[in-house]
Every structure is written in structure tokens, then in C-alpha cells.
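These notes concern the structure reproduced below.
There are 2 protein chains.
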Amino acid sequence: MLAARLANGASKAGTDNAFGDEQLDVDLAADEIIFQEFMSCGAVAVAASEEKPVEAPMGGSSERLYSVGFDPLDGSSIIDANFAVGSIFGVWPGDKLLGRTGRQQVASCMSQYGPRTTMAVALSAVTTGGDAVAFELTFQSDVQRWVVTREKFDIAPAGKVFAPGNLRATADQPAYKRLFDHWVDNRYTLRYTGGMVPDVYHILIKNKGVFSNVSSAAAKAKLRLLYECAPIALLIEAAGGASVMAPSPGAASGGTPLSVLDVEIDNLDKRLGLCLGGKEEVDVFNRFMFG
Amino acid sequence: MLAARLANGASKAGTDNAFGDEQLDVDLAADEIIFQEFMSCGAVAVAASEEKPVEAPMGGSSERLYSVGFDPLDGSSIIDANFAVGSIFGVWPGDKLLGRTGRQQVASCMSQYGPRTTMAVALSAVTTGGDAVAFELTFQSDVQRWVVTREKFDIAPAGKVFAPGNLRATADQPAYKRLFDHWVDNRYTLRYTGGMVPDVYHILIKNKGVFSNVSSAAAKAKLRLLYECAPIALLIEAAGGASVMAPSPGAASGGTPLSVLDVEIDNLDKRLGLCLGGKEEVDVFNRFMFG
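Chains A and B, in that order, give the protein sequences.
Terminal number for the first sequence in UniProt numbering: 291, no gaps in between.
Terminal number for the second sequence in UniProt numbering: 291, no gaps in between.
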């Protein structure tokens, strides 16, 4: 339904002088559709979104209740250019979000609206009782149903594909600049749409690569822990990859790398830089950024 | 129709072990659909595609006949990742393609299949009798019709957004490496999906930016003049931007920049490097690459 609304409603975003208001309408329409679904599903206790960053009660009354943090439409800067965009969902057991960590999620999901409508889903170790798993579903519009199109994402430790976010931070973050030069000098393949969903989705589908978003004093971190980073980190780690929180711009070097899944959501709007991808690729990031 | 076929047929491209064959199927299905349309439309004399690079007679018999070069589905490496992809068409008057230049086109078109189905169309100065123009259409699926969503693309001379293609060529092309560093050091915004259609579409929609694809001895030029470069150069120049053929890897420096529209199609499979975008941005490219 969201994909269909996007296909028609968002077309207005391409009209002249309509970037501001119309664009906003699409984000808010997606937000509203998703909150309505949660209100009617019965299993959601509270939900908070990047658009409405408060824990809103969803009236759930089933035996097992969940709490959801979500970004209704990630990639708002590229919607007008008709690039693939997506929604992100993190699901926690119980009735609160504040004070949790990404590792406590039972599942997370990233849907992508491109030529097709697809979805990458992660089930945590808590949920599977064994290893975490991540897989892909695709909506087949001719038969109106979701089908499994990839049974298991399995990210290789090393893989020379890079998505260097917030590249402008290299101008006043020497360590990030050196890491960036390392990727370029070693002939990594560049893929960077500017939307976190497609950029991470590319790593999952190709089973390799690295995504980074590092802040500097002049180029601040923009990614949200609850709505973007934690759900996506669960997907990547469930797919055999690694995640790490980037050091703060002002931090002294030599800090300890911490998985994004272990960062506490101490503020619903908490923002951070990070790196995600193949385990060896994240090790390279750590060497340059924490070394 | 092509977008719908893509939405369902291409979903197979996401299945395990299906990258080769299934992917090919989508490209070929698009090729077949487009050739069939040309055969039945009556106005096409000959057509050649990136998939079938020969001038095939299309049985046209109307008073005014046209010849078409096209890429049925550009961006095959990113279809499985569900990124936006597209088709490219260049239209020439008469009944041949070989020996023509891009400047002789009457029109060109780039359709894009993302969350929406959109199309950027250029009408040449020959066609308008005045200035060339470029505009956008969007298919509204709820009412099944195309509507104009941008009356005029108008690319600003300067604009700090860059899409650096074939980045690996910087490893053995020092001039391209210096240009790349110039973009990074000057805090240009990076957008590079790896598909020429969305990467150029971004410049049109944002009214600014620069796209480059430069070859080196180790990283060859892959873009085709007839099916990709000439139609897209018409779009960019009709939108007020500039295009230039990149110097050959082995060429001595100091050559003269030549618009992509003035390069002769002396081979239906001719390949080249290029730069496209705002006029001042292309001037910067020329200074680094021809200086």
C-alpha cells in the first residue's frame, strides 16, 4: 500500500517549486499509514518514528506485546530524483524503547521501493533461539503476495565495494580522509546513492561491501540510532557482518570500538556516525578511525 | 508495460544463483518489448540496441521516418539490488544510424523505473526550431496516463554534486585522480548509484552537478556512444548543460575538448569516456583533463 501511495503521491515531488511542501507530504503520508497499521494490529504497545519521536501508545492488547521504532521514508533528499528509497523498522519486546539497545531487538526490517518492492528482514538470536538470520522477500504485484527471494544473506568478511557517507567530513577529519584514500587507492568499487536503505541493501544483495557515515566538527552526524542505525545494524550482523559506532569528532584517538547494537538508546532522537559491512572491512575502518 | 514487466519478472534476479541467466532475461525481455513497439508503430525505419547492435529494419512506412538507437535496460549490475534503473533512446531523422552524430538527433529520452515511472525527454533545436528543451513526464498509475511534472530542466553552470564514474581509473590516470581530489577537497556532495540513468537523472532533477566516466589503460571505457552517450548528451545540453568526450587513456595532453554531440558514430558499438553536467563543472573537467 505504501509503495502504491508513493508511486502516485510522490510524483508531485517532481513538480517545480514543490520540493519543500509536497516532499513533506509523502513522508507524513507514509508515517500516518504505518501508525494506522500498528494501531489496528493489536500487538504493538508503543511506537515512535523519525517523524514523531515520542513513544506513542498503539493500543495493543495481545499476550505478547512489542515496541517499534521506525523511519517511515528514509532518503527524502532523493525521492524527487526517483531513486529507490525505503522504510526501516526495529522491533523490541515489551512496551518501551528508551533505555534499550539494538541487541535487544527481536527483529528488524528494511523495505525498499524501487522498480520492485522488496524487504530485508532480520530475526535476532533471541528470536531464533540460535543464530540470527537475515533474508529477503519480494512483493509480486501480479499475484499480490510476498515471496522469499533470498533465503539467507551472508556477507563476506572482505569485499571491495564502498559507500562513503558524509564525505564532506573528510575535509576536517584527517583519519576519515586517510581511510577514504585507502578505499580509492585500493580500487574499491563506489556505490553511494545517498539513501541509507539502498546503500545498505546493496551490501546485503551483493554479499559484500562497507558503508560508513562519519561526522566532523563541520559536518555533523545525521543518522538516528533508534529509527535507522539499530535496526540496520541488526540486519547486517544477522547477515554475518559487523557494525561499529564511529568515534565522536572531538574524541581523543584510541577509544574502543563498540557494536552499534550495544549503544544505549538514551534519547529517542540520539544521532551517531557508524560503519557497517563485512567483518574485515569494519576492521579496516577500526584500524584507521580508532588506531 | 516495461515497468510492470520489470516489477514482476525482474524479481527473479534477486534469487540465489540466478544473477547470470535471470538477469539476462530481464534485459532481453525489455529489448523484445521495445523492438515490438517499433515494429508496430510505423514511423521507425531502423533500430539498433545495446543488446542487438545492428541496424534492423522496423518496417516503418509513414511519410516521416526515424531511426532509433537504444539501451533497453541500463544499469544491469544494480537490478538485483532493486536500485532505480532505466532505458535510453536516441531518435534520428531518416533511415540510418551509422555515420551520424548526436547533434543530428531530433529527440532523445531517458525513462527511469524507480518508486515511480518517470521520463526525461529532450527535443533538439532542429525539432523546436529554436532552443533545445528538456522536460519530465511521470506516469500516474492510478489514472494510467503520463503527466508533465517538470516543464523545463535548467542546469545551473556551477553546482557541487558529483558522480565520479569508473573511479578505479584514478589509480593509473593521474589527471583524473587530481580532478577527483579537487571534488572531494572542495566538499562536493557525492551521488553515485552505478547506473548512468539515475546518476544523470539526479543532475536534471536537482538542476546541478557533474557526471564523469574516464577510462585508463587498466580500466577501459564501457559507455556506448549510440545507445547511451549521444542520447544523454542531448538531454544535458538541451537542459542548458555541457558534455565533452574524455581524452583517450593513451592520448598526449593538450587535445581539444569536443562535445559528445559532435562525435561521429563510426561504429555501432563505439565506446568512450565523457563528462556531463553544468557548464562550469565541465570546464573544470576540461581544465584538469585537457590542461
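Yeah, the Cβ is synthetic: ideal placement off N, Cα and C, and Gly gets one too.
Since the model is a prediction, treat every value here as computed from it, not as a measurement.
Taking 8 angstroms as the cut-off, the beta carbon of A/Arg-150 is found no closer than this to the beta carbon of A/Ile-265. Straight across, the Cα-Cα distance linking B/Gln-105 with A/Tyr-176 is about 45 angstroms. Three or more beta-carbon pairs separated by less than 8 angstroms are not found between the stretch 257-275 of chain B and the stretch 129-143 of chain B, which leaves the two stretches without contact.
Three or more Cβ pairs closer than 8 angstroms define a contact, and the stretch 61-76 of chain A falls short of that threshold against the stretch 170-188 of chain A.
The residue from B/Ala-217, B/Arg-187, B/Val-184 and B/Lys-222 with its alpha-carbon nearest to that of B/Met-196 is B/Lys-222. Residues of chain A whose Cβ lies closer than 7 angstroms to the Cβ of B/Asp-71 do not exist, since the nearest Cβ in that chain is about 16 angstroms away.
Taking all protein chains shown into account, B/Ala-169 has 16 or more neighbouring C-beta atoms within 10 Å of its C-beta and is therefore buried. A/Asn-213: member of the beta strand (DSSP E) spanning 210-213, first to last residue.
By the Cβ rule, the stretch 152-167 of chain B counts as touching the stretch 204-223 of chain B, because three or more pairs are nearer than 8 angstroms. Put simply, the stretch 70-80 of chain B touches the stretch 25-36 of chain B. At least three CB pairs are less than 8 angstroms apart. For A/Thr-149, the enclosing beta strand (DSSP E) stretches over residues 145-150. If you draw a straight line from the Cα of A/Met-39 to the Cα of A/Leu-6, it is about 21 angstroms long. The beta-carbon of A/Thr-127 is placed no less than 8 angstroms from the nearest beta-carbon of chain B. Exclusion of the five residues before and after B/Ser-216 leaves Ala-169, Asp-172, Gln-173 and Pro-249 as the residues of its chain whose Cβ lies within less than 6 angstroms of its Cβ.
Around A/Gly-240, the same chain offers Asp-154 and Ile-155 as residues with beta carbons nearer than 7 angstroms, after the five sequence neighbours per side are excluded. Looking from the CA of B/Asp-80, the closest CA among A/Glu-51, A/Phe-180, A/Leu-204 and A/Phe-290 belongs to A/Leu-204. Taken through DSSP and simplified to helix, strand or coil, B/Asp-71 comes out as strand.
By the rule that beta-carbons nearer than 8 angstroms mark a contact, A/Val-184 touches chain B. As summarised for the stretch 27-84 of chain A, the continuous beta strand (DSSP E) elements at least 3 residues long and confined to that stretch are 44-49 and 66-74, given in chain order.
Residue pairing by DSSP places B/Pro-164 opposite B/Ser-212 in a beta bridge.
Here DSSP, grouped into helix, strand and coil, assigns B/Arg-178 to helix. Under the 8 angstroms criterion on CB atoms, A/Val-263 is classed as non-interfacial with respect to chain B. The C-beta distance from B/Leu-234 to B/Ser-108 rounds to 4 angstroms, short enough to fall under 8 angstroms.
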